[in-house]
Each structure stands twice: as C-alpha cells, then as structure tokens.
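Heads up: the structure comes next, in structure tokens.
Number of protein chains: 2
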Amino acid sequence: MKKLSITALGSAALCALSFGAAHADEGMWTFDNFPSKTVKEKYGVTIDQPWLNRVMSAAARLSSGCSSSVVTKDGLVLTNHHCVRACAQDLSTDKADYIKDGFMAAKREDEKLCPGMVAEILTTITDETDRVNAATAGKTGEEFVKARDGVIATIEKEGCAGKEAQYRCQVVTLYHGGQYKLYTYRKYSDVRLVFAPEMQTAFFGGDPDNFNFPRYDLDFSFVRLYEDGKPASTPEHLQWNANAPTDGEPVFIAGNPGSTERLLTADQLKALRDYRIPDTLILLSELRGRLIRFGEESVEHARISDDLLFGVENSFKAYRGEEKALVDPTLIAAKEKADSELYGKVMADPKLSAEIGDPWKDIADVQPVQKALYETYMYEEARAGIGSDLFGYARALVRAAEEKAKPNSDRLPEFTESRLPLVEKRLLDPSPVYPDLEQLALEFWLSKLRENLTADAPGTKTFLGKDSPETLSKKLVASKLADPKVRKALWDGGMAAIQASDDPMIKFVLATDPASRAVRKEYEAKVTGPTDRATEKIAKARFAVYGTSTYPDATFTLRLSYGKVEGWTDNGVTVKPFTYFGGLWERATGQFPFELAPRWQAAKGKVNDKTVFDFTTDNDIVGGNSGSPAIDAQGNVIGAAFDGNIESLGGSFGFDDTVNRSVIVSTAAITEALKKVYKDDGLVKELTGK
Amino acid sequence: MKKLSITALGSAALCALSFGAAHADEGMWTFDNFPSKTVKEKYGVTIDQPWLNRVMSAAARLSSGCSSSVVTKDGLVLTNHHCVRACAQDLSTDKADYIKDGFMAAKREDEKLCPGMVAEILTTITDETDRVNAATAGKTGEEFVKARDGVIATIEKEGCAGKEAQYRCQVVTLYHGGQYKLYTYRKYSDVRLVFAPEMQTAFFGGDPDNFNFPRYDLDFSFVRLYEDGKPASTPEHLQWNANAPTDGEPVFIAGNPGSTERLLTADQLKALRDYRIPDTLILLSELRGRLIRFGEESVEHARISDDLLFGVENSFKAYRGEEKALVDPTLIAAKEKADSELYGKVMADPKLSAEIGDPWKDIADVQPVQKALYETYMYEEARAGIGSDLFGYARALVRAAEEKAKPNSDRLPEFTESRLPLVEKRLLDPSPVYPDLEQLALEFWLSKLRENLTADAPGTKTFLGKDSPETLSKKLVASKLADPKVRKALWDGGMAAIQASDDPMIKFVLATDPASRAVRKEYEAKVTGPTDRATEKIAKARFAVYGTSTYPDATFTLRLSYGKVEGWTDNGVTVKPFTYFGGLWERATGQFPFELAPRWQAAKGKVNDKTVFDFTTDNDIVGGNSGSPAIDAQGNVIGAAFDGNIESLGGSFGFDDTVNRSVIVSTAAITEALKKVYKDDGLVKELTGK
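As they're listed, the protein sequences go chains A and B.
For the first sequence, our numbering gives the first residue as -16, with consecutive numbering after it.
For the second sequence, our numbering gives the first residue as -16, with consecutive numbering after it.
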C-alpha cells in the first residue's frame, strides 16, 4: 500500500470532463504510442525514438508497487523514501530503527538486500492481440477467463523461454482487453538499500500534509541493482541534473501508473460509489484506529506498525478523494452521456452493432450478481488475511504446491511460470514477522469476516468454527512460518510436506482454501468473466468510433506523461509551483508530524534556503508512479514524483489539467541535502561526477 | 448512544413505500391523535380514552435516551439492560464490575442512584401552534430561529411556573414545525438501579447478533423512582402479565422514538447519503478501532471502555443500515416523486401556493451552504469533545455561566429554565472519569478536527495552536473537573469563578468557545433556520393537501404504535416470531460473545426451556423506543422492546410492514429468570403479587 500505488489523479471540475479523447496535458501514454507530434507542437520539444529508448532503458518498475530510474552506470536507482519504507522496516530491529533514523551505507559492502524486492526494466513490446482473440473466440463467462488466462500463460512462457533467469515476460491487457501486448523485462532480483533519509525528513507534515501543497518532503531514496553479488553495469542510465526547473518548463514523467477507471461505464462507477469504496473506507478506518492505538502502546509497537499504518492512512485518503468525486452527480451524469453517445453510434452502424452486441446491458446485468457475491469474495478471497504475513506465506505455499502440479496454462494466473520466481523470492527472503501485529491483523480480518458475512453464514463457520476471532488468531500466531527455513522446507517439499505439516496456519489454510477458491471461481464465472468480455467489446467499439489516438487505463506498466511546471488556483488562492528549503524552518512546530530530525535541526543556516525543495507539474500520473523520474527536455532527471495534490485524488475517473498536479522532490534538493546535511560525498560524486 | 436511541426502522422493499399517508401497521402516533377507529376495525380492540390515559401515566422517558414503564405501585420501572449500562458502569469500580457480573439489590437500601438519570412521565398536551406562529410571522434565517426559540422558552417557563421542582415543560415541534405542542411531564430526579442481569445474558451474541433474529437476549433491567428519599407512590402502573403472547396477537408499544426522516425532501436525503452518513460511518469506524484495541490492553481498560464501545458499535450498525437504504436508487426516486406530486398540488392551488411559496427550492438552495459549513460545524461545535466527559463538563460550565446571565428567551435552547435542572444534575452527580479514556477521546477528536478541517485551517489553529493532538490532550487530561466538588464550586461561582480558574480544560473551552459559537451561529443562520422555515411550510402544504390523518416524524416524545406478533420472510426463509430458552443452550459456543454467564451455565435444566424468550412484532418503532413496554389489548405489560431486525435499519426513511420487525424480551422470560436463575423472590412478589 504505497502513496501512489492505490489511486489516481482526477478532477474537481468534473462537469468539464470528456470521456472520449485525451485533452490538454492529459494522458498516460505507452512507449509505442507516444504523441510526439502533439508535444512538438505544444512545447517545441522533440521526443524521438532514441529519446524514448533511452528513457525506457533507465526506467525500473519495483515490486514494492513503485517506479524508479537508474541514475548512474553502477546500477544506482532513484526512487521515493516511501517506496523503500517497508524495506527499511524489514532491515530494522529493536536496536536499529532505519525508518526513524534513516539508513546511509558508508560503503558498498554496507548496502543491504531489500527482502522480496525485484526491479524490472522494460526491453521490448510486441502485439499479441490476435493470438489472444483467437483463443477466446466465441467463449463467455468462466470458459472465457480460462481460455484467456491459459493463452496468456503460454505466450509468457514461450516469450522468455531459455532466458528466464534474467528476463520476465508479462502479457499486458490494455484498453480493458482492446489490446494484449507482451512486455519483456530485464529483471534484477538483488536490490539493495543504499540511502534513505529519516522518515521525519522524507514525510515531514505526515498524514495532515499528505496530498497537500505547499510541501516540504525529501521523499527520496537510493537503492542499487546487483548482479552476481556485484553492482550491475547500467550504461544506459539517466543523467543527473542538479539544477531545478523553471516555472513553465516542460517535464516528462516515466513510470508505472497503477490503476485508473476512466474507461468504466456509469454502472461500474455506481458500484464503486455505492458500496465498493464506502466498504473499503469503513474497513480502512477501523484498521487505522486499531493501528494508531497499537502504536501508542510502546515504542516497539510504534516501530513495527509504522509502515502498515502509513499504507492504511495513505490508502484511506486516496479512496476518500475518489468517493468525494463519485458522489458529485456531474461525474456520473457525464459518464452516462458518454456511454449513451457511444452506444448510439454503435447502434447506428449495423455492421459494428452486429459485432459488438450490447455490452452495456451485459455489464448492467452483472451488477446485482456482483453485489450479492461481493462481501464473500472480498473477505474469503481477495482481502483474506488483511496484512498478516503468516497467512500470506501459508496461502502462497499451499496454493503454489497445488498449482505447480498443473500444466502452466491451467494455473491460477499468479502461479504461472512467469510469476513463480517472484512468489518464491517473496516467500524465501528473510523478513521479520511481528507476532503482536499478526494477532492484530488476523483478529481484525476474522472479526470483519464474521461481521460482514454474519455470524450464521456458512463462510463464517468455515473460517471460525466455534472459535472467536481473538481465540483463533492466537492459535494461528503460534505458526512457525516466520522462520524462512521452515518456509523453504515446505516450498521444496511440495504438497506432501504441506499435507504432513502440523503448523496451525498451514492447517488453517488447507481447511479454508477450498471455500476461498470456490467463491473466487464463482466470482470469476459470474462477475469478472462477463465484465471483462463486455469491456473488451466496449473497447472495440471505442476504437471503431474514436480511433486509437487515446491512451489505455493505467495497468501498473510503463507509461510516459508530458506536462510542465505549473501551480494552480484553489478557490481563488494561487498556489505557486515551488517550495524552498527556507520554508521548512517556518513550518516546523517542534511537534509530530511537524518536527525536524536532529540532523536538520543542526542544518539550519548551513543549507541554501533558496534551493528548490518540491515542485508541482500538470503531468497526468497516479498511484504506482511513486518514484518516477521527472525528466527535462534533454532526457535528464530533475526529480522524483512522490504525490499528487488533493484536487487530483478523485481523478481515477478523469483528468482536469486546471487543477490536477503532480508533486515532485527536486534533484536540486537531494543534491544539496546529500552535500550539506548528510555529507555523503561518495553519493554526490557518483551522481554528479564531482 | 443506545441501541434504539440513534436510528429508525424502515424498509428493505423501499420501492413499495409511499410518502403520503400511513399504511398497514405503520405509524408512531401521538396520544392525542391515535387512530383508535382503524385499530378497532383491523384488530377488534377498543383503545378508548381511559386505556390511553392509563398507558400514558405509566410510560416514563429516561434521560439516558430510552423509554420505560412503571410496573408496580412502588415506582418500579421496567426498561432494557442497555438503557442502564452506563449507570452500571458508573457505579462499578475496579473491584466490582456490575456490567460483567450484573447488579442485584438484595433490599431497597441497596438500590443505587444512577448518576445524571431523570425519568419523565407525560401528564398533559396542549396546542401552542398559533402562539409560536404569531411570534415568528414574517421572520427568516437567524431572526426566525431567535424568535421561535425565544417564544418556546417563554411558553415552557410559563407552563411550569410554580411547580418547577416536580414538573418539566417542553414545547415539542411536530411535523417539522407544522405543530408546536406543550408537553408537561412529572419528573423524577432520583432514579435508582434495582436489578441488571449480566451483560453476557442481556447482550448474548453481542455485536454479531445485534439487529438480528432469532435472538436470545434478556435485555431488561429494573430501576425505581424515588421521591424524598423513598420509593415513589405510583398507583397508575401497568399490570405485569407473565404470560407470553401468541402468534398474531395484537401488541401496542408506548415509548419515545428518537428520530425519523420520513418527511424530508429528496435533497435532504441526498445530503445524508452523500456525506453526512458516510462521514459519520468513517468517524465511528476509526473510533471503534481505537476502542477495541484499548479494551484489549487490560481488563481495566476493557471495563472502562465497554459502554462507549457498545454505543459506537450500535450506532455504526444503525447508520450502516441507513446508508444501505439510501444508496438504493428506488428510495430517492420515490421521494422525488412524492416531492413533485405535493409541489404540483400546491402550484395548482393559487391560494395555497401564495401562502407556501416554494420551500423545496429554499431547501435546495441551502444544500451547498450546508455542505461548505458542515465539517467546521461538526468538529468545532456539534461533535466537539467526542466522548470526553471533561470537555463536556467544561463546556456546560462555561456556557451555563454565560447563558444564565441572559433573559430566558435569549438563551441557547439547552440552557433555558426548563432545561437547566437536567444540565445541573448531570454536571453535579458524581460519576467516574477515566483519564486513559479521556486521553483517547480527546486525541481522537482533535486529530479528526485537524484532518477534516486541514492542518492550515483557522479552526485547527484555534483549537490546537502549535500543539499536536496527543500533546494537547495530555495537558487537558490534567483537568480537575473529574471531582464533583470542583464542578460545584464553578457552577455556584458562575462566570467570575470560571474566569479565575486555572483548570486547563476550563481555559481551553474559554479560549475556543467563541469559535464554536460563531460557527453555530452561522450554521443556524444559513442552514438550520432556512431549513426549518422551509420544512414548516412543507408541513403546512402536507396538511392542506393530505389532511392530518398521519403521524409526525419521531421527536423522542411519547408515541403509541399498534401491531401484532408476527415473523417475516427473509429471502425465502421464514423467520418465526418466537425464541425459547431452549435455543440459548444450542447457540452457546463457550466463546465471547456466545458464552453464558456462570449463573446461566448452572441453570441448564432448571429453567423451563419452552418459555418464550424474545419475540417479534410488526410495530413501527425506532431508536429511542428501547425499553418501551409491549402492551396487550387489556393494557398489561408483556415485554420490553429492545431492538429491530436488520431489515428495519434503513427505515428512518419509511416503513414496510412485510419485513420491519420490533424485537421484544418477554415478561414470561424475565419472570422465569427471576424465579429460577436469580432467585429474586422479592422482585417476583412485587411484580406478580405471588
């Protein structure tokens, strides 16, 4: 749960939205369909193939749900602090708190492996739409899902055959099934933490300032890619530009926006508005309350729960923004108008209408089924375990053992050959498990399962038996799966070892997984399958009517957005696009979350107060873009995107460039801080050559 | 926050609702407008004036937000356990936990005063509509509110002149201002706890079973009215009938339904749907999370937070039901149709339309203003202090001192002569204050104030200054207001003593109250005033078009509903209207909240398993009806209403008698339990004469 890994940017002036083609600086463009012509006309900047290739080669997707960029020839990678927050917590102990105090490797040997982290750099894109369509022709519901997932698994396996150790192949569904593309990634499974500032420096202002501006956050960190135990050689990196941009300067952001809903129908948006997002907000709020109190119980409880609480609060705020956008009646009205326009055009064209049918009705028909299955599906399958590592390990072990025995194309998608290496790495990398926090997470999940399904539901009896959530959680926390050796033995031993295990969490998952799988199967057959099939058809209709001069909804794959440094006007108040170091001293109150880390208290008067700290641009980015390089016209890195403004939060559903802003920490600020505050000459030299 | 003191019953099949006149067994009728003719026709039961007078004389409203009935000549009062839960907690210590273990006074001298509790029995109703209308004629906005509240204060003062010690006068606004009636109550300020079962017996099944049926809750308690230190003489009590009713038998429920929204316009319902209820659910969820974790920290934390958590969970579930009803598009559509029908009839009548104007437009115009002021009004005024007793004491002391100096008709309504005695009693009765829980409540309020108003809002600076919510709360919890003597000195000393006080909470309220009062004044001028004025006009239109053969929205004043013992059908499953003691043993798992209190574990085989435990009827009741007597055709008490079924939860907005059910604990069960489990022969004799 990362700051920019959940939601999407959007629009306050929603009535001005159009759902047809892209406008203004809107758009999260794929690298094989970037509107260079528009950019040339609007900004006079030439984005040619070499420029695109260079940026693509330096942009790395992180398995922590973030983006990043390679910035030196020795594999040094710039990302956000909040993208390595979980890593810093995993590496910490009750003696060394790298979140609170920061982490600075004095030399390369001190750089530490981030458990479970993989970095992936996109190398090629090929079109597989025809092959997928051929495999799914004439199929619906569960059959359609099975055929589609099967052919995808096969394409991925064939695409990386013989080079699996260094590459990963992923078929990406664009335009909700309008296109299927094979993305091939160079992967790095040894990613080490190099530098992270103090949390209080990276996240100054905390939750109150989150998604706000002006902002004074040094939300950056460095990790390094390793190969064969040595820093990777990365000649095609971005060049570090330590000069801040000027107001109005063109800016490009390359990264992996996670998810947007701009192509959904009005019916789908109503499901989000009426129960999906409200349910999520209620769930996150109670978990937030439990975690806040947990963290107040002791310094150690605060330390071990910090990253989870941060993720919960960040998600909460993002969903809250989405909810506020959805209840504005103009949004749904505009979407209904767009739906009906496209529908009208399809119906007016006999050939198209014969091909497309009425997918809007198909989606409408799915809605009551989805609503009826939703809670069971969420609590028994999609949200099962809510934050419990032990449950996550057990489920991965049980399911992997079961799935590995099947042919690749018959497996659950998350256990196909192309995905197994990441599953394995996450399972086997050592990473701390905190029993008190496990108890909290499991109790919470099981009590919400009982509450939402009701005490007498069959699912409640399957998961709880006659136990209370508190008692059962206590039994499960006795699991030995926190020990990576235990996990390794079960992974290697397969189903036989798992069946023979007397670990309480393994036994619990073995007993409950048939119920989870059953509701998943039903949900896919009755909800996901028909929905995906219908949205594919709507995508085809959209291509037929509007052409392909638009961008697909975000899919946590590499995109490029263009824009410029720009502030905005909020209820008549002009917000300028820059903050400076000097403003930090003015905002500090001495009390959390507005207090300074000791190094910064000491730095007053020693750093240049006129250095640009954070800045805003009108690039169209969303959750998942965290850590994305902000790039100047020459292709050099000038910052790392880490947030959006509050106005941007509703915009999973559309983009309004009068108010939607990206928030970026400048390379100028990072450089000045490394020199004057952290005195890390080694890093400064590696970045700037000086 | 009581089980039936927050929300209202309603309808799952909302599309079948009509918003014109009452249907089926719908209706919360005032005692001066009961539809005896309809009841005679439908049930063959004669409800004449003597019947009504007798029931009215025995029905007591409790200041804990509940209803009750006098059931013996010595002032013994039947209500719910959850209506005295706060009292039981106030009387408990870390040595004696009356919530967990129950409270049973062995003799009258052991009966204990419930802090802050007052019981009120309605004696007369007189119409004051003309007098109020004369005072407010031609006034709007703030002027209207001032004139209305002023004349109400005057009527109340005059109505009880010379008999204030024993009576309370209250002007009740019915039909949203269509009628103003003076209700005169005989009041009892010395109410003592007589008997409360164990929480686990009264609330078996806990939150999971709350608002569900079948149900096995002995949710009853007894308090006693005292006068001059002796049990009050109450010859006009209800007769105890220890026989359970039969299926289909007519049942009457007399009590104080708290609040319904059946007469609101569609615009007002949308405000509830789009932000008022969602905001409340989010707030309650986080507080719930904090309290759950707090209670897990120690036995003592569990004990002191139990009642607050219960109230939060109960409110949460009730609002959740309302939210689910509101997002069903048929509800708002039906309301829009009803609005537009009435509007059409008004416009078609030139005389009526000249008199009424367009109040629907007035209400529509208020909506954006309300939305803009809402958060500030809630966090600085309406919800200020969220659960903190210390803040509540300080605000009452500061405001009372200020208001008492003004003429009665110029005061804030809660400090007029007719209300001051209850304010004083609540302030001065000794009642425990728990510093740990105060810290939790204050931190929560202040952090939500900052979050919802934003860190840079003027209000946030007024309330927090440069402090964090945590630090400021710590300073405020050092207040000495937990000591009733300190409160008494400040109450008696008035504004001079308050200004001179160095108590941190008093100083905090003195510093922040101008901001709270300012936003309240603005909200009343721009939101409440125009809304009340417009709803008054709509009420007049409704009377003119539909006549007065309907009932007013609930106002926590005495009402009578009629109905019958009846089950219902839930998704094809028939739910029978009775549970029996025998079912309790089957449902018990031995784990919270499905475990039995020790006395009941021992009672298995000793009580008659065929005794009716709880039963359901189709009476139209809502929150505030908790503790209401269920009465048979002869006017005898046969149970105490304590809940509604889950289908009833959306029905603040309308009643559907195919599925809305009241849930009642039977006198049969209470009698059997007193005899066989609690062996309280004294109470049995007092109730039954045997």
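A virtual CB, placed ideally from N, CA and C, is assigned to each residue, including glycine.
Residue pairing by DSSP places F596 (chain A) opposite no residue, since no beta bridge is assigned to it. For L266 (chain B), the enclosing alpha helix (DSSP H) stretches over residues I260 to E279. Proximity of chain B to S451 (chain A) at the Cβ level (cut-off 7 Å) is accounted for by Q574 and F575, in chain order. In the DSSP assignment, I236 (chain B) falls within the beta strand (DSSP E) that extends over P233 to G238. The Cβ atoms of S544 (chain B) and N602 (chain B) sit closer than 7 Å to each other. Listed along chain B are S268, E269, R271 and G272, each with a C-beta nearer than 7 Å to that of E269 (chain A). For E280 (chain B), the neighbours in chain A by C-beta distance under 7 Å run, in chain order, E280. For D626 (chain A), there is no enclosing alpha helix (DSSP H); the residue is part of the beta strand (DSSP E) that begins and ends at V620 to G627.
In the structure shown, M330 (chain B) falls within a helical segment according to DSSP collapsed to helix, strand and coil.
Residue contact with chain B for V310 (chain A): present (Cβ-Cβ distance below 7 Å to some residue of chain B). In the assembly as shown, K20 (chain A) is an exposed residue. Its beta-carbon has fewer than 16 other beta-carbons within 10 Å. Under the three-state reduction of DSSP, D113 (chain B) is assigned to helix. Here S456 (chain B) really is in contact with L429 (chain B); their C-beta atoms are around 6 Å apart, less than 8 Å.
With its beta carbon less than 7 Å from one in chain B, I265 (chain A) belongs to the interface. Contact check for C70 (chain A) against C49 (chain A) fails: the beta carbons are separated by 7 Å or more.
At a cut-off of 7 Å between beta carbons, F277 (chain B) contacts chain A. Of the candidates A:F187, A:W343 and A:P218, A:F187 places its Cα closest to the Cα of F203 (chain A).
By the rule that beta-carbons nearer than 7 Å mark a contact, A438 (chain B) touches chain A. In the DSSP annotation of this structure, the continuous segment of the beta strand (DSSP E) that includes I647 (chain A) starts and ends at S645 to S649. Shown here, D553 (chain B) sits in a strand according to DSSP, grouped into three states.
Cβ-Cβ separation between F398 (chain B) and E386 (chain B): approximately 4 Å, consistent with a contact (criterion under 8 Å).
Below the 7 Å Cβ cutoff, chain A contributes P191 as neighbours of R433 (chain B), in chain order.
Interface annotation for the region 442 to 470 of chain A against chain B: K449, D450, S451 and T454, criterion Cβ-Cβ distance under 7 Å. In the structure shown, E569 (chain B) adopts helical secondary structure according to DSSP, grouped into three states. In this structure V620 (chain A) is not in contact with S40 (chain A), their Cβ atoms being roughly 13 Å apart against a cut-off of 8 Å.
Residue contact check for D257 (chain B) against chain A: a CB pair falls below 7 Å.
Comparing alpha-carbon positions, the option among B:N226, B:L425, B:T445 and B:K523 lying closest to D496 (chain B) turns out to be B:T445. Here the region 256 to 264 of chain B does not lie against the region 651 to 666 of chain B, with fewer than 3 beta-carbon pairs under 8 Å apart. Going by DSSP, F561 (chain B) is part of the beta strand (DSSP E) stretching over F561 to Y563. Per DSSP, reduced to three states, the secondary structure at R503 (chain B) is helical. Taking A118 (chain A) as the centre and dropping the five residues before and after it, the same chain places the C-beta of A130 and V134 closer than 6 Å to its C-beta, in chain order. Taking the Cβ atoms as the reference, R276 (chain A) lies roughly 5 Å from R273 (chain B), within the contact range of under 8 Å. I481 (chain A) and L380 (chain A) have their C-alpha atoms some 8 Å from each other. Per DSSP, the unbroken alpha helix (DSSP H) holding K668 (chain A) starts and ends at D664 to T671. For N297 (chain B), the number of other beta carbons within 10 angstroms of its own is at least 16, and it is reported as buried. Note on M488 (chain B): 16 or more other CB atoms within 10 angstroms of its CB, so buried under the neighbour-count rule.
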